[in-house]
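Engineer: Those letters in the sequence shown? Residues 7 to 88, by my numbering. All C-beta atoms, glycine included, are put in the ideal place defined by N, C-alpha and C.
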Amino acid sequence: MASKSSPASLPSARTRVGANIRRLRKAMKGKVSQEKLGEMAECHRTYVSQLERAKTNISVDRLERFAQILGVDIADLFLPPP
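(1) Where does residue 34 sit, in a helix, a strand or coil, going by DSSP?
(2) Assign residue 7 to buried or exposed, taking buried as 16 or more other Cβ atoms, counted over all protein chains shown, within 10 Å of its Cβ.
(3) Whose C-beta lies closer than 6 angstroms to the C-beta of residue 60 among residues of the same chain, with five residues either side of it excluded?
(4) Grab me the residues of residue 28's own chain with a C-beta within less than 6 angstroms of its C-beta, minus the 5 sequence neighbours each way, in chain order.
(5) What's the C-alpha gap between residue 36 and residue 15?
(6) With a cut-off of 8 angstroms on the beta carbons, I'd call residue 31 and residue 47 a contact; round off their distance for me.
(7) Could you tell me the alpha carbon to alpha carbon distance between residue 34 and residue 76, rounded to whole angstroms?
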């Protein structure tokens, strides 16, 4: 049976989402910039930056949009980054 991390040892959901967005953005073909990802998601580059640094909240609708663009399931954005 796999051991589970205690909730106190996991980064916050906001931190995990931001780290995963950054990791997946950089893994995209051509290493997509924050500005380009913002254009694709119809939001400003500074919003992408704030998300990646866990400085702002994100709506479920935007989470779905980012997951679609990044080619992952929305739940994957909440996983602890590798």
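Structural biologist: In short:
(1) It is coil, neither helix nor strand.
(2) For residue 7, the pLDDT reaches just 43, beneath the cut-off of 50, and the residue's location in the model is therefore unreliable, leaving the point undetermined.
(3) Cβ neighbours of residue 60 beyond the five flanking positions: 20, 21, 24.
(4) Closer than 6 angstroms at Cβ, skipping near neighbours: 58.
(5) Pairing residue 36 with residue 15, the inter-Cα distance amounts to about 34 angstroms.
(6) Not quite, the Cβ-Cβ distance comes to about 10 angstroms (not below 8 angstroms), so this is no contact.
(7) Roughly 7 angstroms between the two C-alpha positions.
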